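Heads up: the structure comes next, in structure tokens.
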Amino acid sequence: MPLSAKPLVSSRPALASWLFVCVMVALVAAVLTCAVLIDRFTREEAREQATRYLQINADALRDALDRGMAQHYEEVHVIARLDQVARHRDPAQARRVLESVRASFPLFTWIGLTDAQGNVIASADGLLEGKNVAARPWFKGATQASFVGDVHAAVLLEKLLPRQSEPWRFVDIAVPIFNAQGELQGVLGTHLSWTWAGTIKRELVDQAIERHQAEALVLSTDGTVLLGPPALQGRKLEAAAGHLLAESKTRGAGRYPGLGWKVVLRQPEAVALASFRELERRIMWAAFFLCMLLAPLVWLLARRFSVPLLELTAALESRQPPKPSRDPVYREAEVLGQALRAYAERQADDAARLQQINDSLQQRVAERTEALAASEQRLRDIADNMPALIAYVGADERFQFANSSARKIHGVAADRVHEVSLREGLGHRYDEHRPHIEQALAGRRARFEGQVEIAGRVVDFETHFVPDIGADGKVRGLYVLSYDQSALKAAERRLRTIADNTPALISYVDRHERFQFCNATYGPWLGLDPASVIGQPLREALGNELYAQRKPLLDRALAGQRCDFDTSITRLGVTRHLHTIYLPDVSRDGTVEGVYALAVDVSAMKAAEEQLMTMARTDTLTGLPNRLRFNEKLAEALARSRRRRQPIALLFLDVDKFKSINDTLGHAAGDEVLKVFAARLSASVRETDTVARLAGDEFVVILEDLHTEAEPQFVARKILTAINRPFAVQGHELNVSTSIGIAFHAEGTALPEQLLSAADKALYQAKAERNTYCLAAF
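Residue numbers -2 to 775, in our numbering, belong to the letters of the sequence shown in order.
If you want it as structure tokens, here you go:
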């Protein structure tokens, strides 16, 4: 490239100036860095010294508080061991002792003795005597062991104590008093005035830290100020900006366990670092004067280093190849001259190559433009032949593209698409679609359904507004896709009609447990309006009770497991037995999207099953439970006997000489005897007892909730009396008797067959005499 003939002019600073500025900046930066490091080290040292001083005083105050509390704690224990206090014999004597103690230890604002129920029986000056303090924390805490309560205001003593400038505040110390048998006799309680802590603080640390403008605080475990400036007492301590802090937590001493108080000393940072600030100013002035002294030397060096570059610049302006410097100060200047000479030689070759590359690029751009136009035409052909409305709308809501279907519906020619706005294309439906348009222009995809009349036909459609988001994250426009859903909607209406007329509950619940579909049967069966239920949570629609029943099964279905179960519900005064199926809706990726639910009314089938169950367990002649039901009842009774640890008895009966009745009067008369026998047997026992017919003339009775062997014997005698009354059968009076075998079991650990076998053996012995009973206990 040829050099310009005009002398080159620039408004930029000279190289010497740049070198001077850069070196000076580096020098100033180095000096300032040293100053900052020195400043930092000295500041940290000053901060550590101030903090160490505060920590020493905080630890001293902490130890003093622990020692003071431990001393008062031991004093209360010594008082509690005094004979006049520990024995509770003479309240007057105990009062004198307590008053003497308070005179010796005036910090105990109140000291009193209670009985085991919390009644104050003796106290110094009679304060609170006769009052019940069972509800006070110090009494509750001292019923088992010694108690120390945190600082608190006076509650019962506020009106009984003399007024002072500050509110009364106490620390509670209470000690239980036990007799020789370890029984609680009473509690010795004290209210230690909190003023002692203030005295310790003033004498120990306040005088030492006052000249440092620091303050000492004592905080409770929750951060409330217990001791400190009056404006802060009773309030939570907030973080103070610009202060140095030292904290020390009390740990107790001796037997005194400690209350977790925190001693805090704080000092304004400006006061603590005052001497450091003076040193800081001296360092900054020294750095400033050092930079001023070095500035002339730096300027001379910068001028010397820029001479070779000035020579190269002059050579380039004269369009002559640069000559080697006669006395280059540094290697880079010589290398730069050589590089510039080589550059001039390569420039001509590079220009020729660039021209060749430019020609090739222009040819490739032309080919790519032609291919792009062909590809765009193919995409337009595809869009024009798709059974959908496809368009692109810019951010200004003007159409930039519309396929043939969209142009046909809106009556717009292909060459006028760019002249039509979205409002003009939609017409009166624009306001209806406006929220979806704004949603898409805000960067969120919008989907909605609707109806439109086209050529006299109502068409159901589904429309998508898809935002076109650029690389900068801004929405450049939106794609519009609209599909004809008329056939699908018609199919949905047909399926809805089928579901609504099916005598079953059909619904769909999404994975968030919300109804998305339910058929019309929900109305007459459950009293739910299908339209209003859609979108409601399952718990809200069904109620807490029914929801709690279905929740475990619903969770299993939402985990992908099919569930079949039977349940009963009572709604609108009708009880229905339902067989329900939960079928999970599993997507292709294995995610459960929701649950299909189908519930069929099986009440009639359940009623038939229950009737068959009853018939299978009932003796058809007597109406009593048969052997099958008896076996179930006996196992249940033995389980209850074991659980309650109560005896149980089994009576085994048969009709004496029943065969002769059948042989003499016939089986019909025998059946009548069995009916009367069963009725009298049932009337002779409690309603909670079980009477059953095993077979033929054999009957059994299960007696529960017994205590002694006499109870089943009493029942047996009662049965014998009832059976011995004449039987009126077919115009005949028959004298019927029975023999009874009793098996009495006190443990409840026997097996059913063992209990029945024992009763059978006892019956065998009773049959030897007839019309009597025999007891077998085991």
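Think of the CB as a built atom: it goes at the ideal place given N, C-alpha and C, for glycine as much as any other residue. Computed from a predicted structure; not experimentally measured.
Let me make sure I understand the geometry here. Which of the options has the alpha-carbon closest to that of residue i?
i, options, result
"Trp135", "Phe167, Ile354, Arg248", "Phe167"
"Ser736", "Ile720, Met289, Val506, Arg639", "Ile720"
"Val652", "Leu631, Phe724, Gln643, Ala632", "Phe724"
"Leu438", "Glu416, His430, Leu475", "Leu475"
"Ala284", "Thr30, Val506, Asp356", "Thr30"
"Ile387", "Ser479, Leu79, Arg454, Gln397", "Ser479"
"Leu290", "Thr564, Ile658, Val25, His433", "Val25"
"Thr588", "Leu550, Leu662, Arg508", "Arg508"
"Trp818", "Thr494, Asn541, Ala596", "Any property of residue 818 remains undetermined from this structure, which presents the chain solely from -2 to 775."
"Val148", "Lys405, Thr187, His574, Ala594", "Thr187"
"Arg626", "Arg637, Ala613, Cys560, Ser402", "Ala613"
"His407", "Leu189, Arg37, Glu450, Asn498", "Glu450"
"Thr106", "Leu95, Leu621, Asn541", "Leu95"
"Asn176", "Leu294, Ala83, Pro432, Thr192", "Ala83"
"Val28", "Pro227, Cys288, Glu41, Val75", "Cys288"
"Arg722", "Glu750, Pro709, Phe674, Pro749", "Phe674"
"Gly467", "Asn498, Leu298, Ala392", "Ala392"
"Asn768", "Pro227, Ala368, His729, Lys715", "Lys715"
Contact defined as beta carbons within less than 8 Å: I believe residue i pairs with residue j. What is the distance between those atoms, to the nearest angstrom?
i, j, result
"Val202", "Leu104", "Their Cβ separation, rounded to whole angstroms, is 20 Å, which puts Val202 and Leu104 out of contact at 8 Å."
"Arg263", "Glu212", "6 Å"
"Val688", "Leu703", "Wrong, their Cβ atoms sit about 16 Å apart, outside the cutoff."
"Tyr770", "Ala713", "4 Å"
"Phe696", "Leu650", "5 Å"
"Leu255", "Asp63", "Looking at the sequence provided, one finds Gly at residue 255 rather than Leu. Rounded, the Cβ-Cβ distance is 7 Å, consistent with contact."
"Val477", "Val390", "6 Å"
"Arg559", "Pro581", "7 Å"
"Ala67", "Leu185", "At roughly 17 Å, the Cβ-Cβ gap does not stay under 8 Å, so Ala67 and Leu185 are not in contact."
"Leu224", "Gly195", "6 Å"
"Glu684", "Val726", "27 Å between Cβ atoms; not a contact."
"Phe562", "Thr577", "6 Å"
"Ile495", "Phe512", "Not really, about 19 Å apart at Cβ, beyond 8 Å."
Given a threshold of 16 other Cβ atoms within 10 Å of its Cβ, counted over all protein chains shown, does residue i qualify as buried or as exposed?
i, result
"Glu701", "buried"
"Asp552", "exposed"
"Ala2", "Note on Ala2: pLDDT 47, under 50, position unreliable in the model; the coordinate value appears next. Looking at its Cβ environment, which holds fewer than 16 other Cβ atoms inside 10 Å, Ala2 is exposed."
"Tyr70", "buried"
"Asp412", "exposed"
"Trp282", "exposed"
"Val600", "A small fix is needed here, since residue 600 is Ser in this sequence, not Val. The residue in question, Ser600, is exposed, as its Cβ has fewer than 16 Cβ neighbours within 10 Å."
"Gly591", "buried"
"Asp586", "exposed"
"Pro464", "buried"
"Tyr761", "exposed"
"Val22", "exposed"
"Ala236", "exposed"
"Val583", "exposed"
"Leu351", "exposed"
In chain order, what residues of the same chain lie with their CB nearer than 6 Å to the CB of residue i, ignoring the 5 residues before and after it?
i, result
"Arg395", "Ser418"
"Leu780", "Because the chain is modelled from -2 through 775, residue 780 falls outside the range shown and cannot be assessed."
"Gln448", "Val455, Asp457"
"Val73", "Ile170, Val172, Thr187"
"Leu569", "Gly524"
Considering only residues of the same chain and omitting the five flanking positions on each side of residue i, which have a CB-CB separation below 7 Å?
i, result
"Arg777", "The first residue shown for the chain is -2 and the last is 775, placing residue 777 beyond what the model contains."
"Pro527", "Cys515, Asn516, Ala517, Tyr519, Gly520"
"Lys259", "Leu216, Glu244, Lys246"
"Glu706", "Phe741, Leu772, Ala774"
"Leu671", "Leu618, Thr619, Asp694"
"Pro164", "Ala150"
"Ile699", "Lys630, Leu631, Ala634, Leu647, Asp686, Thr687"
"Pro811", "The structure shown does not extend to residue 811, since the chain spans only -2 to 775, so no value can be given for it."
Tell me which residues share the same chain as residue i and place their Cβ nearer than 8 Å to its Cβ, disregarding the 5 neighbours each side in the sequence.
i, result
"Ala765", "none"
"Gly231", "Thr221, Val222"
"Ala89", "Ala119"
"His85", "Ala91, Leu110, Asp112, Ile118, Ile174, Gln182, Gly183"
Within the 9 Å Cβ cut-off, does residue i reach chain B?
i, result
"Thr221", "The structure shown has no chain B; it contains just one protein chain."
Give a yes or no on contact between the region 135 to 145 and the region 169 to 185, applying the rule of three or more CB pairs nearer than 8 Å. yes
Just checking, does the region 643 to 651 make contact with the region 739 to 753 on the three C-beta pairs under 8 Å criterion? yes
Is the region 420 to 427 close to the region 438 to 446, with three or more CB pairs under 8 Å? no
Does the region 497 to 508 touch the region 474 to 488, meaning 3 or more C-beta pairs lie closer than 8 Å? no
Touch test, the region 376 to 383 against the region 456 to 471, Cβ-Cβ under 8 Å, three pairs minimum: no
Does the region 658 to 675 come within contact of the region 751 to 758, defined as at least 3 CB pairs closer than 8 Å? no
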